[in-house]
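Have a look at the structure below, then the notes.
Protein chains: 2
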Amino acid sequence: MTIEKEYSTKLAVGEVTIDRRDIEMLDAIDRHGSMHKAAEQLGRSYARLQNRVVEIEDAVGPITERQRGGSGGGGTTLTQTAHELCHQFGRHEAELDGVARVTESVFPGTVQDRTGELATVETAIGSILALVPDGAHEVQVTVRSDAVVLTDPDEAPSADETSLRNQFRGTVMALEPGEAITGVTVRLGADSELQALITNASSSRLGLEVGQSITVSFKATAARAIRLESDYSA
Amino acid sequence: MTIEKEYSTKLAVGEVTIDRRDIEMLDAIDRHGSMHKAAEQLGRSYARLQNRVVEIEDAVGPITERQRGGSGGGGTTLTQTAHELCHQFGRHEAELDGVARVTESVFPGTVQDRTGELATVETAIGSILALVPDGAHEVQVTVRSDAVVLTDPDEAPSADETSLRNQFRGTVMALEPGEAITGVTVRLGADSELQALITNASSSRLGLEVGQSITVSFKATAARAIRLESDYSA
DNA sequence: CGACGTTGTATCTTCATAGATATATCGCCG
DNA sequence: CGGCGATATATCTATGAAGATACAACGTCG
Chain A
1 MTIEKEYSTK LAVGEVTIDR RDIEMLDAID RHGSMHKAAE QLGRSYARLQ NRVVEIEDAV
61 GPITERQRGG SGGGGTTLTQ TAHELCHQFG RHEAELDGVA RVTESVFPGT VQDRTGELAT
121 VETAIGSILA LVPDGAHEVQ VTVRSDAVVL TDPDEAPSAD ETSLRNQFRG TVMALEPGEA
181 ITGVTVRLGA DSELQALITN ASSSRLGLEV GQSITVSFKA TAARAIRLES DYSA
Chain B
1 MTIEKEYSTK LAVGEVTIDR RDIEMLDAID RHGSMHKAAE QLGRSYARLQ NRVVEIEDAV
61 GPITERQRGG SGGGGTTLTQ TAHELCHQFG RHEAELDGVA RVTESVFPGT VQDRTGELAT
121 VETAIGSILA LVPDGAHEVQ VTVRSDAVVL TDPDEAPSAD ETSLRNQFRG TVMALEPGEA
181 ITGVTVRLGA DSELQALITN ASSSRLGLEV GQSITVSFKA TAARAIRLES DYSA
C-alpha cells in the first residue's frame, strides 16, 4: 500500500487562520471585481462569502475596498495587504509542496551528545549532526533529497571551509534522469542508501555513473530527527 | 501584524486520509492497550473512536489486534503497520514543522530559459536556477534558510565540482547566535538579503563576523519559484 | 427619479461530524 | 456459572459550518 504525504496550508494572522479556500475567495474577488460574481464562480453562497470577508477584516484589517451603488452597482477590489497575503500563502504552499514531493532518506540511530537543539546521532552510516527534539534518545534522522549536495571526492572541500557539517563517502547505485532533474541513489553502508536530487547539468558535470565513488554532504540544519518512542498525547 | 505559517499534516493511504487526531488515537491505544481507556484519556466517545478504527482498517488493512473477552475483558494492540504509520507521520510532521519554523528569503524576478521544471530567473542579485511552476513568467523565488551553505570565499570550490548550482558573493550583515544554531543575514545586493542557518561550530570555524565577505550557495532543487500572477481557481 | 447591480444583513434549512446513551457479545477466571 | 471489562453496534442528539432565501441600503446613470 502506498502512503502519500499530504498537508494543508494555512496562515495564522491575528485571530483568524486563513486557508486555501480563503485565498481562492480573494483570488476570485480580485479577478471578477465583485463578491457576487466571485461567489457565483466559486459556486458558494454570497452571504457566507461576504461574511467571511468581514470576519477576516475584523481580525486582519482592511483587505478589500468595497463600494456599493455607483456605475455597475459598485464592486470590491483587494488591498495591497490582501495581495501580499496571497503571495505569502503561495510561497508557503510551494514550500510545503516541496516537502510532499521530495523523497526523504531515513537513518535510525541513538542520540549521543546534545547542544541545544542540535545533537550527534550514531547511525549505521556514522555520526550525523542533526536537529533533535528535546529528550529524544532513539530516533530516526530524515534527510530531504533536495538538501543533499554531491561532490567529486577528489575535489571535495574539507568540512572546515563550508557550513556543510555532514559529509559521507558513498557509491552511486542508481540514476533516474528526468527532463531537468536527476534522482541519484547513493549507497553509504551495508544497508543504507541516501537519495539526492540534482540538476541534469550537475549530473553530467560530475560525470555521474553507476558504481562511481562520490561524496555526499548535507547541512546539520537540514537533517531532522524524530523520536521513536513517540508520544502524541495532546 | 505578524503572519505565522501553519499547516496540518496528513497521510493519504488508500481511501482514507489520516490526520493528527488519528495518530493521537493510535498512540493512546498503544499506550493503554484498550480502546476504551484510549477514548477516556482523549476525552472522546468510545463509539466514534471504535468506528474510526474500523474505518481506517477498511481502507488500510489491519492496524490493530482486537480481542474481546478473556482476562481483563480483552484489549487492543497495534500492528507493525500502525507503528510504521505513526513513524511516517512523525517524520512528515517534522519536515513540515521545519518549513514553518525556518525563515525564507524572497527574490522577485522574471523567468528566462526553461528546461522542464527548472528555469533561470533573473533577479536583483543575478540569475538564480530554480524550480519554476509551468507557465510562470513573473515570479518570486524563495530559498529556505536551512538550505543555504556558507563558504570561505578563498576556499570556495568552483561550481564545477559540486551540485550547488547557485553561488553568490555577499557580506555578512548580522549574526544572531542561538544555543546551537546561528542565524546569519547576508547582503547580496543593494536591497537584497539572504538568510542562512548554520551551526555555531560552523560559524566559528568560518570565523564569521559582521562585515565579512562570504560566499553563499544553494541547490537549484532547493530554490522554488511561485508565479506572481497567481491563479488559485480550483 | 426610477432602474440596476452591487453591498449588507437576518433567518431558515441542510448537512456532516461527533458526543451520549443503551444494549448485545465475547471469553477468561474465580 | 455468573461477573467483569473489554469489543461491537444502533440510535438519538448537539453543534457548527455553509447554502438558500429574502429584503434593505446604496449611489451612479439614463
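Protein chains in written order, with the UniProt record's numbering: chain A, 1 to 234; chain B, 1 to 234. Even glycine gets a Cβ: it sits at the ideal position worked out from N, Cα and C. Nothing here was measured: the structure is a model prediction, and the numbers come from that model.
Practice problem: Go through its chain and collect everything with a Cβ distance to G61/A's Cβ below 7 Å, but skip five positions before and after it. | Solution: As a first step, residue 61/A must be located in the first sequence, where it is residue number 61. Only T81 meet the Cβ criterion.
Quiz item: Would DSSP call G135/B helix, strand or coil?
Solution: On the second sequence, residue 135/B is found 135 positions in, with the first residue counted as 1. Taken through DSSP and simplified to helix, strand or coil, G135/B comes out as coil.
Self-check item: Beta-carbon proximity of A100/A to D146/B, cut-off 7 Å
Solution: Counting from one through the first sequence, the residue named residue 100/A turns up at place 100. Counting from one through the second sequence, the residue named residue 146/B turns up at place 146. No, the pair does not count as a contact, with Cβ atoms beyond the cut-off.
Quiz prompt | E4/A versus G14/B, L194/B, R66/B, residue with shortest Cα-Cα distance | solution = One-based indexing of the first sequence puts residue 4/A at position 4. If we check each option's Cα against that of E4/A, G14/B comes out closest.
Quiz item: To which residues of the same chain is T199/A closer than 8 Å at the C-beta, ignoring the five residues directly before and after it?
Solution: The residue you call residue 199/A lines up with position 199 of the first sequence. When the five nearest sequence neighbours on each side are left out, the beta carbons in the same chain lying within less than 8 Å of the beta carbon of T199/A are those of A180, I181, T182, in order along the chain.
Quiz item: DSSP three-state call for D27/B: helix, strand or coil?
Solution: Residue numbering aside, residue 27/B sits at position 27 when the second sequence is read from its first letter. If DSSP states are grouped into helix, strand and coil, D27/B belongs with the helices.
Quiz item: On the premise that S202/B lies in contact with R165/A, defined as a C-beta separation below 8 Å, what is that separation, rounded to the nearest angstrom?
Solution: In the first sequence, the residue the question calls residue 165/A occupies position 165. In the second sequence, the residue the question calls residue 202/B occupies position 202. Beta-carbon to beta-carbon, R165/A and S202/B are separated by about 6 Å, close enough to satisfy the 8 Å threshold.
Quiz item: Is there at least one Cβ from chain A nearer than 7 Å to D134/B's Cβ?
Solution: Position 134 of the second sequence holds residue 134/B. No, no contact with chain A.
Quiz prompt | Uninterrupted beta strand (DSSP E) stretches inside the stretch 121-196 of chain B (no shorter than 3 residues) | solution = The stretch 121-196 of chain B contains, as complete beta strand (DSSP E) runs of 3+ residues, the segments 126-131, 138-144, 149-151, 166-177, 181-187 (chain order).
Self-check item: K37/A at chain B interface by Cβ criterion, 7 Å
Solution: The residue given as residue 37/A occupies position 37 in the first sequence. No - not a single Cβ of chain B is within 7 Å of the one on K37/A.
Quiz item: Just checking my contact of G90/B with I226/A at CB under 8 Å: how many whole Å lie between their CB atoms?
Solution: On the second sequence, residue 90/B is found 90 positions in, with the first residue counted as 1. On the first sequence, residue 226/A is found 226 positions in, with the first residue counted as 1. The beta carbons of G90/B and I226/A sit about 4 Å from each other, so the pair counts as a contact at 8 Å.
Quiz item: Does DSSP put E15/B in a helix, in a strand, or in coil?
Solution: Translated into the one-based positions of the second sequence, residue 15/B becomes position 15. The answer is coil: DSSP assigns E15/B none of H, G, I, E or B.
Exercise. With V54/B as the anchor, note down where its alpha helix (DSSP H) starts and where it stops.
Key: In the second sequence, counting from the first residue as 1, residue 54/B sits at position 54. It spans 46-60 - the alpha helix (DSSP H) in which V54/B sits, taken as one unbroken run.
Exercise. Return yes when at least one heavy atom of the ligand SAH lies under 6 Å from the C-beta of A220/A, else no.
Key: As for the ligand SAH, it is missing from this structure, which has no ligand bound.
Quiz item: chain A beta carbons: is any one of them nearer than 7 Å to that of V99/B?
Solution: As a working note, residue 99/B is residue 99 in the second sequence. Yes, V99/B lies at the interface with chain A (some Cβ there is under 7 Å from its Cβ).
Exercise. Report, in whole angstroms, the separation of the C-beta atoms of S34/B and G75/B, which I expect to be a contact under 8 Å.
Key: Position 34 of the second sequence, counted from the first residue, corresponds to residue 34/B. Position 75 of the second sequence, counted from the first residue, corresponds to residue 75/B. Correct: roughly 5 Å between the Cβ atoms.
Quiz item: Taking the alpha-carbon positions, what's the T120/A to Q88/B distance?
Solution: Here residue 120/A corresponds to residue number 120 of the first sequence, with the count starting at 1. Here residue 88/B corresponds to residue number 88 of the second sequence, with the count starting at 1. One C-alpha to the other measures close to 22 Å.
Practice problem: Could you name the residues of the same chain whose beta carbon sits closer than 7 Å to that of Q41/A, not counting the 5 residues immediately before and after it, in chain order? | Solution: Numbered from 1 along the first sequence, position 41 holds the residue referred to as residue 41/A. The beta carbon of Q41/A sits closer than 7 Å to the beta carbons of A28, H32 from its chain, once the five residues preceding and following it are set aside; these are given in chain order.
Quiz item: By the 10 Å Cβ neighbour count, where 16 or more other Cβ atoms means buried, how is D154/A classified, buried or exposed?
Solution: Within the first sequence, numbered from 1, the residue matching residue 154/A stands at position 154. With fewer than 16 Cβ atoms within 10 Å of its Cβ, D154/A is classed as exposed.
Practice problem: Please compile the residues from chain A whose C-beta is within a distance smaller than 8 Å of the C-beta of M1/B. | Solution: Along the second sequence, one-based indexing puts residue 1/B at 1. In chain order: V13, G14, V60, G61.
Quiz item: Grouping DSSP H, G and I as helix and E and B as strand, with all else coil, what is L228/B?
Solution: To locate residue 228/B, count along the second sequence from 1; it is residue 228. It is coil, neither helix nor strand.
Exercise. Using only alpha-carbon positions, find the residue among V186/B, A220/B, S192/B that is nearest to E209/B.
Key: By 1-based counting over the second sequence, the position of residue 209/B is 209. Nearest C-alpha to E209/B: V186/B.
Quiz item: Under a CB-based cut-off of 7 Å, is V121/B close to chain A?
Solution: Translated into positions along the second sequence, residue 121/B becomes position 121. For V121/B, the answer is no, since every Cβ of chain A falls outside 7 Å of its Cβ.
Practice problem: Give a yes or no on whether the minimum CB-CB distance between R224/B and chain A is below 7 Å. | Solution: Stepping through the second sequence from its first residue, residue 224/B is reached at position 224. Judged by the 7 Å Cβ criterion, R224/B is in contact with chain A.
Quiz item: How many Å lie between F107/A and T103/B at the Cα?
Solution: Within the first sequence, the letter at position 107 stands for residue 107/A. Within the second sequence, the letter at position 103 stands for residue 103/B. If I take the Cα positions, the gap works out to 26 Å.
Quiz prompt | Rounded straight-line distance, which links the Cα of V141/B to that of Q112/B | solution = By 1-based counting over the second sequence, the position of residue 112/B is 112. By 1-based counting over the second sequence, the position of residue 141/B is 141. Cα-Cα distance, rounded: 13 Å.
Self-check item: Limits of the alpha helix (DSSP H) - the one that Q41/B falls within
Solution: Position 41 of the second sequence, counted from the first residue, corresponds to residue 41/B. Annotation: the continuous alpha helix (DSSP H) that includes Q41/B extends over 35-42.
Quiz item: Where does L118/B sit, in a helix, a strand or coil, going by DSSP?
Solution: Stepping through the second sequence from its first residue, residue 118/B is reached at position 118. Here L118/B sits in strand by DSSP.
Practice problem: Identify the contact partners of V149/B in chain A, using a Cβ-Cβ distance below 8 Å as the criterion. | Solution: Your numbering for residue 149/B matches position 149 in the second sequence. Listed along chain A are V149, T162, S163, L164, K219, each with a C-beta nearer than 8 Å to that of V149/B.
Practice problem: Could you check which residue in V184/B, V139/B, A38/B has the C-alpha nearest to that of A124/B? | Solution: For the purposes of this step, residue 124/B is identified with residue 124 of the second sequence, where counting begins at 1. When each option's Cα is compared against that of A124/B, the closest is V139/B.
Quiz item: By DSSP, does T221/A sit in helix, in strand, or in coil?
Solution: Position 221 of the first sequence holds residue 221/A. T221/A falls in the helix class under three-state DSSP.
Quiz item: Roughly how many whole angstroms lie between the Cα atoms of E176/B and G135/A?
Solution: Within the second sequence, the letter at position 176 stands for residue 176/B. Within the first sequence, the letter at position 135 stands for residue 135/A. Approximately 25 Å between the Cα atoms of the pair.
Quiz item: Among L206/A, V216/A, R44/A, S213/A, which residue has its Cα nearest to the Cα of R21/A?
Solution: Within the first sequence, numbered from 1, the residue matching residue 21/A stands at position 21. The shortest Cα separation from R21/A among L206/A, V216/A, R44/A, S213/A belongs to R44/A.
Self-check item: Reduced DSSP secondary structure (H/G/I, E/B, other) of T79/B
Solution: In the second sequence, the residue the question calls residue 79/B occupies position 79. Coil.
Quiz item: Is it buried or exposed for R144/A, if we count other Cβ within 10 angstroms and need 16 for buried?
Solution: Residue mapping note: residue 144/A aligns to position 144 of the first sequence, counting from 1. By the neighbour-count rule (16 or more Cβ atoms within 10 Å), R144/A is buried.
Quiz prompt | chain A within 7 Å of H92/B, Cβ atoms only | solution = Position 92 of the second sequence, counted from the start, is the residue given in the question as residue 92/B. Yes, because at least one Cβ of chain A sits closer than 7 Å to the Cβ of H92/B.
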